Structure formats: structure tokens, C-alpha cells
Amino acid sequence: MNRYLVTSALPYANGPIHFGHVVGAYLPADVYVRALRRQGEDALFICGTDEHGVAITIGADKNGQEYSEYVEGWHKEIEKTLTTFGIEFDIFSGTSTCPQHAEFSLEFFKRLRERGYLQKQTSEQLYCNQCELFLADRYVLGGCPECGHESARGDECPACGSWLDPLKLVSPSCRVCTNAPEKRETTHFFLDLPKLRDEAVGAWFGEKTWKPNVDAFVRKLLEDVHARPITRDMKWGVELPSDLVDGEEGKVLYVWFDAPIGYISMSAEWSAANGDPDGWKDWWQNKDTRLVHFIGKDNIPFHTLVFPSMLHGVGQDYILPWRVPANEFYNLEGGKFSTSEGWTIPLDEFFERYDPEVARFHLIASMPETSDSEWSWKEFQATANAGLADTIGNLVTRVLRFLDKHFDGVVPPVDEAHRARLEGLLLNECGAIGDPAEHITAFRFRKAAEQLLLNAAVANVFIDRTAPWKLRKTDMVEAGSVLGACCQYLGWLAHWMTPMLPGKAQALWEMLGQSGEVAELPWPGTPCAETWQLIPAGQKLGEVAGLFDKLEDAQIEAEIANLKTRALASSDEL
164 MNRYLVTSAL PYANGPIHFG HVVGAYLPAD VYVRALRRQG EDALFICGTD EHGVAITIGA
224 DKNGQEYSEY VEGWHKEIEK TLTTFGIEFD IFSGTSTCPQ HAEFSLEFFK RLRERGYLQK
284 QTSEQLYCNQ CELFLADRYV LGGCPECGHE SARGDECPAC GSWLDPLKLV SPSCRVCTNA
344 PEKRETTHFF LDLPKLRDEA VGAWFGEKTW KPNVDAFVRK LLEDVHARPI TRDMKWGVEL
404 PSDLVDGEEG KVLYVWFDAP IGYISMSAEW SAANGDPDGW KDWWQNKDTR LVHFIGKDNI
464 PFHTLVFPSM LHGVGQDYIL PWRVPANEFY NLEGGKFSTS EGWTIPLDEF FERYDPEVAR
524 FHLIASMPET SDSEWSWKEF QATANAGLAD TIGNLVTRVL RFLDKHFDGV VPPVDEAHRA
584 RLEGLLLNEC GAIGDPAEHI TAFRFRKAAE QLLLNAAVAN VFIDRTAPWK LRKTDMVEAG
644 SVLGACCQYL GWLAHWMTPM LPGKAQALWE MLGQSGEVAE LPWPGTPCAE TWQLIPAGQK
704 LGEVAGLFDK LEDAQIEAEI ANLKTRALAS SDEL
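In the numbering used here, the protein residues as written are 164 to 737.
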């Protein structure tokens, strides 16, 4: 049995998350962990909110809130959304609230410096005399030196997308007070990424197998690596004691440096809560652990270069990532998700009208695994109707309601006189049956969703060919055998659904009269002659109900219209 340490990128506690975030890092990780555990693997699933950085301070100042109050509010909101999607972490903490986080972060800084992987550099930075602070890049606004856009940020131009140096902005101003800042010298510490790449990380990356989109991205990245600053002049973050930074005052760790350390500190928080304060070491410093980072495209550099460099640099036998199955960008109806521009789907309203598990399945089926993909309302409707309601939902109700009506709601036996023929027809002649978990553990989530629907289609073909409604008029034993075989197959379907549709899987399991949690049973794989009968003959069925509702055309057209209206209203406000 392998051990899997699975992480999802820490969502930034500065606003709501949308479908793009969910499908990028959290949903695939949840599906993966569920599949691993069904197959008997030991897995630990870690996540929490990223709660430091400039954007946090800007958002909190704008709202007139304390920084801790601000991040607590967004932490709860984000956790609520992820919980609604059925995403279950072993721990969901936060970098400002995890009791062990500052200690781990400072230990990383200290050891990296002692081992010669940090550089101390003095450079110019913009300083606001009125606010009495050095301005981090996002605190600066000005003209873009590349395209002339007048409201570029100190780190990036929203018009042309160029990465910027705040010192090169045209007529820069302080985002807080609008005054013109001046240039002042300040000293910061930099992580020597070129040295770490040449010493270990470059060779480590070359030895691994990566998704094509990750491999191409990182190979290009490794060609031109520069030292990165890991400290900032701020009031909010992991504070660096002056004696650790040669008497410098007011330094905190740069958010990109302390955030991934959160995976470790939150693991320590989890192990301490479970009565074993040192238990995290069995995961992070055990060569038999497979570390898997689920992230979006924008986090690839941090999880394939920066964080592995940090893990190697501290020299404490930390494992390096085994896989980084990064997803590409997920868009919305031809455009990027943008809350500020109204091009988004308010999730509170969405969940009032739609089943979260249907959305969960559609996101899996449309996941941006190696290239960008998007949420389309009409495609969502097709998944809900043709994929789930017609293929799975109709299969369940047509079998179980027929049994309720004509067989006293009891699972009939498969008569020996018909068993071999029905078994051969169902398992070999009505379509190719595959194991969705094989695709999930290979990070082929779209293929797993497709396989689940193909497996369900097999039973529909079987029913059409055997026509139990006709057999009932001539041979009740054979009709019962057909329906008994269908019940057995529905048991398999309930198993196959658990990683992707956990709530629906349990509902189906209970309709088949079964007790306990189907997700806690061993993974069955695919059926064969010796194993395909799972449900005892004579089992009384549970209450039969529809699993999926169909979505009407008018409803979907209204959603598309609402999206355009929101975007238009937002543009009018700008």
C-alpha cells in the first residue's frame, strides 16, 4: 500500500472562489483522494486559505476591517463553497491561524540562510511619505511603460498583461493616498533559485514524468531562472525577528514564500489535533510518501521550481513532489471569469437553483486538463439531461419502479436457467465496461466521467435488448432474472459513482436496500462471472426516488441572459 500526501493550492482569502478555482485545484484532488481510499490506499488531504500579502491589506483597508477579521470572513466563505461541492479535506486551516505556521516558516528562512541559499540585496523601492511605508507592487498605480495604459499596477498591466517593475511605471502614485511616492533604498533577502536549480531541482524535474502542459512550461522556465525576493516591508505577514535579519526592522516573509510552507504547518496542525504532534514527519519526511500537488496553471512555477527548491534547501529530508497535475484555465462562455466585470456566476444563487453534484460532475467532465476549457450553460444542460438524467437517472427509476410495481419491491434472483446467457449479454455484448478509477488515478478525470456514463449505457442497452416489460407477460421467472441482473449492475454503478457523485452514489445504494456507506467498501474494479452479483436476492428495496432533474431550455436561456445583464451593469459602473 502506498501513502499519498495530497494538497490543493491554498485559495487566497481575498474574495469568493468560482468554478474556475474549484475545477482547477480542489475538485480533482477530492475525486483523486476518494478513488485512492476506495482502493485501499492511505491518503492525507491538506488545504487551507492563504491569508497574507498585499491584496489582503488592500481589501481589508478598503472595508475598514482588521486584517484578521477580513481573512476570517473569506476563509469561512471559501470553506462554505468547497463544502457545498462535497469537497472533504482532512484539514482546512489558514496561514494566519495555524498555530505552527510562523514557527515552520521562520525555520525555513533560518535554515536556508544558514545553508547559503539566501542572498541579501539592497535596492530602490517606492516609499510613500504620507503613509510612511514602502509600497509593495500592488500598492502602486501608474502608466504602463509597455502600452501606455494609465492604470497599471506595480506588478502587472491589466491591458497588455506585461509583468512590470513598479520603479518603471510612468507617474506612479500611492494606491492608498494617491500621493506621488519617492525612491528609497531598502534591504531584502532573495532565494538563490539558480543555485538550487543547478544543485538538485533541475535534475529532479528531468527524472519525473509530467503532464505535457506542465513539462513544456517548466522546461522553458528552468532555462532562465533568477533569484526571487522572499521578504517585504509590511505590517501583515509572518514577522521576521530583527536578530534573524541583521537588525532590519519591519520585515515579513513574502506571501509566495510562506504560503506553500502552509502545507507542512497544516499537516502538523492536523497531526497534533489527532494526538501525534510529530506525526506530520511520517508524511513529509518519509521516502515512501507520494506528494501530489493539485494546482492551476498560474501556480506551476511555485510548485515545480520554488517550493521544491525550498524543500531541498533546508536539508531536512523533505520529500519532493511526485506529481503536479496542474490544470489549465477554465473560462465562462467564451470569456475569463471576472467578478469585477460581472462575468461570473454568483454561487449562492446557483446553489439555490441547481444540484451541486450535477455541477460537480459537469466540472469533472469539462475539466481543463491539458488545455483551456470553459463552462457553457448549454453544455451544462446537456450533461444534466442527456448525461445524468437520461443515462443514469432513467436507468435507476425504470428498473426499481418496475420492481416496486410488479415484484413487491424485492430484488429477484437470477435464475440458473438464464444466468449464463444474461451474464454474457450484460458483461460482454452491450458495450465496453471500464474502471473509472483507473482513469482518475492517472489524472484523466474527463475520461473517468465519460467511462461512468458509458458503463451506465451498457445497462440501458441490456434492458432494451431483454425487454422485461414484455417478458413479464409470458415468463415472470425470466423477467425477474433480467431485473435481478439489472439490480446487480446498479450496485456496481453505485460503487463507480462514489468518487465523482458521492451523494448520488449513496442514495442509489440505499434505494437498493443496502445499509452502511458504499464509499467505505472495497473498490470492486470491473465485474466478471465470479464477482458481478453484489446485491442479495430477496433484498427489499429502499424508497425509490429520482436522482436527477432535467433542466428546461427557458431556464438555461435565462441564465445566459442574466450573465450578459450582470456584465453590462458592471461595465456601466466603471
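No residue lacks a Cβ here, since even glycine has one placed at the ideal position from N, Cα and C. Remember, it's a predicted structure, so these values are computed and weren't measured experimentally.
Problem set entry | Assumed close pair residue 675, residue 650 - CB separation to whole angstroms, cut-off 8 Å | Taking the sequence shown and counting its residues from 1, the one referred to as residue 675 is at position 512. Taking the sequence shown and counting its residues from 1, the one referred to as residue 650 is at position 487. Contact annotation, residue 675 with residue 650: C-beta distance approximately 6 Å; criterion of less than 8 Å satisfied.
Exercise. Between residue 448 and residue 479, what straight-line distance do the alpha-carbon atoms span, to the nearest angstrom?
Worked result: Within the sequence shown, numbered from 1, the residue matching residue 448 stands at position 285. Within the sequence shown, numbered from 1, the residue matching residue 479 stands at position 316. CA-CA distance, residue 448 to residue 479, rounds to 8 Å.
Problem set entry | DSSP three-state assignment for residue 543, whether helix, strand or coil | Numbered from its first residue, the sequence shown carries residue 543 at position 380. Annotated three-state conformation of residue 543 is helix, per DSSP.
Exercise. Considering only the beta carbon of each residue, do residue 248 and residue 168 sit closer than 9 Å?
Worked result: Walking along the sequence shown from the start, residue 248 turns up at place 85. Walking along the sequence shown from the start, residue 168 turns up at place 5. No. Outside cutoff.
Exercise. With contact counted as at least three CB pairs below 8 Å, one residue from each stretch, are the stretch 612 to 628 and the stretch 579 to 589 in contact?
Worked result: Contact check between the stretch 612 to 628 and the stretch 579 to 589: three or more CB pairs, one atom from each, fall below 8 Å, which counts as touching.
For this session: Flag this pair as yes or no: are the beta carbons of residue 175 and residue 220 separated by less than 9 Å?
Result: Locating residue 175 in the sequence shown gives position 12, counting from the first residue. Locating residue 220 in the sequence shown gives position 57, counting from the first residue. Contact: no.
Exercise. Are the CB atoms of residue 569 and residue 635 nearer to each other than 9 Å?
Worked result: Counting from one through the sequence shown, the residue named residue 569 turns up at place 406. Counting from one through the sequence shown, the residue named residue 635 turns up at place 472. Closer than 9 Å, so yes.
Exercise. With 16 as the cutoff for other CB atoms within 10 Å, does residue 540 come out buried or exposed?
Worked result: Taking the sequence shown and counting its residues from 1, one reaches residue 540 at position 377. Per the 10 Å Cβ criterion, buried.
Problem set entry | Buried versus exposed, by CB contacts within 10 Å (16 or more), residue 425 | Looking up residue 425 in the sequence shown gives position 262. Counting Cβ neighbours within 10 Å, residue 425 comes out buried, since at least 16 surround it.
Exercise. Between the stretch 291 to 307 and the stretch 232 to 248, are three or more C-beta pairs nearer than 8 Å?
Worked result: Using a C-beta cut-off of 8 Å, the stretch 291 to 307 makes no contact with the stretch 232 to 248, since fewer than three inter-stretch Cβ pairs fall below that distance.
For this session: Compare the Cα-Cα distances from residue 647 to each of 615, 698, 603 and report the closest residue.
Result: Along the sequence shown, one-based indexing puts residue 647 at 484. Answer by Cα proximity: 698.
For this session: Whole angstroms is fine: what's the gap from residue 732's alpha carbon to residue 304's?
Result: Looking up residue 732 in the sequence shown gives position 569. Looking up residue 304 in the sequence shown gives position 141. CA-CA distance, residue 732 to residue 304, rounds to 25 Å.
Exercise. Taking all protein chains shown into account, do 16 or more other C-beta atoms lie within 10 angstroms of the C-beta of residue 165, making it buried, or fewer, making it exposed?
Worked result: In the sequence shown, the residue the question calls residue 165 occupies position 2. With fewer than 16 Cβ atoms within 10 Å of its Cβ, residue 165 is classed as exposed.
Problem set entry | Which of helix, strand or coil DSSP assigns to residue 521 | Along the sequence shown, one-based indexing puts residue 521 at 358. The answer is helix: DSSP assigns residue 521 an H, G or I state.
Exercise. Between residue 265 and the rest of its own chain, which residues show a CB-CB distance below 7 Å, the 5 nearest in sequence each way excluded?
Worked result: The residue you call residue 265 lines up with position 102 of the sequence shown. Here the set comprises 401.
Problem set entry | Beta-bridge partners of residue 538, as assigned by DSSP | The residue labelled residue 538 in the question sits at position 375 within the sequence shown. Bridge pairing for residue 538: 495 [DSSP].
Exercise. To which residues does DSSP link residue 297 through a beta bridge?
Worked result: One-based indexing of the sequence shown puts residue 297 at position 134. Residue 297 is bridged to 290.
For this session: Name, in chain order, the residues that DSSP records as bridge partners for residue 254.
Result: By one-based count along the sequence shown, residue 254 stands at place 91. Residue pairing from DSSP places residue 254 in a beta bridge opposite 209.
Problem set entry | Alpha carbon of residue 565 to alpha carbon of residue 231, nearest angstrom | Reading the sequence shown from its first residue, position 402 is the one you call residue 565. Reading the sequence shown from its first residue, position 68 is the one you call residue 231. Their backbone Cα atoms lie some 57 Å apart in a straight line.
Exercise. Just reading off the alpha helix (DSSP H) that residue 675 is part of, what are its end residues?
Worked result: Against the sequence shown, residue 675 aligns to sequence position 512. Here residue 675 belongs to no alpha helix (DSSP H), and DSSP marks it neither H nor E.
For this session: With distances taken Cα to Cα, identify the nearest neighbour of residue 347 among 318, 291, 607, 506.
Result: Here the question's residue 347 lines up with position 184 in the sequence shown. Checked all of 318, 291, 607, 506; the closest Cα to residue 347 is 291.
For this session: Taking residue 494 and residue 172 to be in contact with their CB atoms under 8 Å, please state how far apart those CB atoms are, rounded to whole angstroms.
Result: Against the sequence shown, residue 494 aligns to sequence position 331. Against the sequence shown, residue 172 aligns to sequence position 9. At roughly 18 Å, the Cβ-Cβ gap does not stay under 8 Å, so residue 494 and residue 172 are not in contact.
Problem set entry | Span of the beta strand (DSSP E) around residue 456 | Residue mapping note: residue 456 aligns to position 293 of the sequence shown, counting from 1. Note, residue 456: beta strand (DSSP E), 452 to 457.
Exercise. Does the beta-carbon of residue 544 have 16 or more other beta-carbons within 10 angstroms, so that it is buried, or is it exposed?
Worked result: By one-based count along the sequence shown, residue 544 stands at place 381. Buried.
Problem set entry | Straight-line gap, residue 443 to residue 261 (C-alpha atoms, nearest Å) | Your numbering for residue 443 matches position 280 in the sequence shown. Your numbering for residue 261 matches position 98 in the sequence shown. Cα to Cα, the separation comes out at about 14 Å.
For this session: For my contact list, residue 407 and residue 273 are in at a C-beta cut-off of 8 Å; report their separation, rounded to the angstrom.
Result: Residue 407 sits at position 244 when you count from the first residue of the sequence shown. Residue 273 sits at position 110 when you count from the first residue of the sequence shown. That belief holds up - the Cβ atoms of residue 407 and residue 273 are roughly 6 Å apart, short of 8 Å.
For this session: Determine contact between the stretch 374 to 388 and the stretch 199 to 206, defined as no fewer than three beta-carbon pairs at a distance below 8 Å.
Result: Contact fails: fewer than three Cβ-Cβ distances are below 8 Å.
Exercise. In chain order, what residues of the same chain have a beta carbon less than 6 Å from the beta carbon of residue 210, not counting five sequence neighbours either side?
Worked result: In the sequence shown, residue 210 corresponds to position 47, counting from 1. Around residue 210: 171, 252, 255.
For this session: Please indicate yes or no: does the CB of residue 297 lie closer than 8 Å to some heavy atom of the ligand FMN?
Result: This structure lacks the ligand FMN; in fact it carries no ligand of any kind.
Exercise. When we look at the beta-carbon of residue 696 and count the other beta-carbons within 10 Å, is it buried (16 or more) or exposed?
Worked result: Working through the sequence shown from its first residue, we reach residue 696 at position 533. Answer is buried; the Cβ neighbour count reaches 16.
For this session: Have a look at residue 725 and residue 508 and give me their C-alpha separation to the nearest angstrom.
Result: Stepping through the sequence shown from its first residue, residue 725 is reached at position 562. Stepping through the sequence shown from its first residue, residue 508 is reached at position 345. Going by the C-alpha atoms only, they are around 9 Å apart.
Problem set entry | DSSP state of residue 352 mapped onto helix, strand, coil | The sequence position of residue 352 within the sequence shown is 189, counting from 1. DSSP places residue 352 in the strand class (E or B) of the three-state scheme.
Exercise. Considering only residues of the same chain and omitting the five flanking positions on each side of residue 312, which have a CB-CB separation below 6 Å?
Worked result: Taking the sequence shown and counting its residues from 1, the one referred to as residue 312 is at position 149. Sequence-distant Cβ neighbours of residue 312 in its own chain, meaning closer than 6 Å and more than five residues away, are 320, 322.
Exercise. Any chance the stretch 454 to 473 sits against the stretch 415 to 425, with 3 or more Cβ pairs inside 8 Å?
Worked result: These segments touch.
Exercise. Residue 679 and residue 574: beta carbons closer than 9 Å?
Worked result: For the purposes of this step, residue 679 is identified with residue 516 of the sequence shown, where counting begins at 1. For the purposes of this step, residue 574 is identified with residue 411 of the sequence shown, where counting begins at 1. Taking the C-beta atoms as reference points, residue 574 is found no nearer than 9 Å to residue 679.
Exercise. With DSSP run on the structure shown, which of helix, strand or coil describes residue 737?
Worked result: As a working mapping, residue 737 is identified with position 574 in the sequence shown. Note on residue 737: pLDDT 47, under 50, position unreliable in the model; no value is reported.
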